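Okay, so here's the structure we're looking at.
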Amino acid sequence: MDCFSVSSDLSSENFGVESPSTSNGGYVEVELMLASRNPKKSAGRKKFKETRHPVYRGIRSRNSGKWVCEVREPVTQSRVWLGTHPTAEMAARAHDVAVLAMRGRSACVNFADSVWRLPLPKSGKIVDIQKAAAQAAEAFRPKKLVVVEVVEINESPEVVLYSDEEEMFGMSGFIASMAEGMMIPPPQGVVYAKFLDDVDVLVEFSLWSF
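Residue numbers 1 to 210, in UniProt numbering, belong to the letters of the sequence shown in order.
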């Protein structure tokens, strides 16, 4: 496992950054190499699409829209993989952690505040550098936007349902059929009546007349 010595020059006093830790509440400014002030040279490739970021160092875009980050070890020039990230800033932050650990004051960083804002690796081992770079990138993961859709409910006028029982249950036809039935002689009704002289009288009458 390759191992690098973490530079002792990573304190904010040794870089051109605005450090919030000063005794008088002010800021200390010293020289620092920023990627934005040192534009990259053109890759010179014409047959291939340029995948490097126009400003940030050490990151390239993928077809999926994500960004990968890798840096080269200063002595052996071997590549150190720092992962795939959803945004360019996350990948650029991972780059800054690695180059600060490997190059110290000679590092070219993407952000001036990376010196004091980002975590330092525990040691110069690649695994520790990669872990610190992943933590730095994760700290700048964009928060998910929660979109609340407001649906306007228009109050519609009250709908009054009218029900015609005759139409619903066919009452008109039923009544007509009854009228026809009433033309048939009705059955006779029988009533027994008792008068004062205790004479029973049988009275027949019709249920209806027409």
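Using N, Cα and C, we set each Cβ at its ideal position, and we do this for glycine too.
Please read all numbers here as calculations on a predicted model, not as lab measurements.
Have a look at residue i and residue j and give me their C-alpha separation to the nearest angstrom.
i: residue 108; j: residue 34; result: 5 Å
i: residue 90; j: residue 98; result: 13 Å
i: residue 129; j: residue 121; result: 5 Å
i: residue 142; j: residue 59; result: 18 Å
i: residue 100; j: residue 86; result: 22 Å
i: residue 72; j: residue 51; result: 17 Å
i: residue 116; j: residue 96; result: 11 Å
Let me know the secondary structure DSSP gives residue i once reduced to three states.
i: residue 60; result: strand
i: residue 141; result: coil
i: residue 104; result: helix
i: residue 89; result: helix
With a threshold of 16 other CB atoms inside 10 Å of the CB of residue i, please say whether the residue is buried or exposed.
i: residue 114; result: buried
i: residue 145; result: Residue confidence for residue 145 is low, a pLDDT of 46 falling below 50, so the modelled location carries little weight and cannot support an answer.
i: residue 63; result: exposed
i: residue 26; result: Legend: pLDDT at residue 26 = 43, less than 50; position of this residue unreliable, no value from coordinates given.
i: residue 80; result: buried
Residue j and residue i - do their beta-carbons sit closer together than 8 Å?
i: residue 94; j: residue 56; result: no
i: residue 83; j: residue 139; result: no
Quick one, which of the options has its alpha-carbon nearest residue i's?
i: residue 105; options: 139, 54 and 74; result: 74
i: residue 66; options: 88, 136, 76 and 137; result: 88
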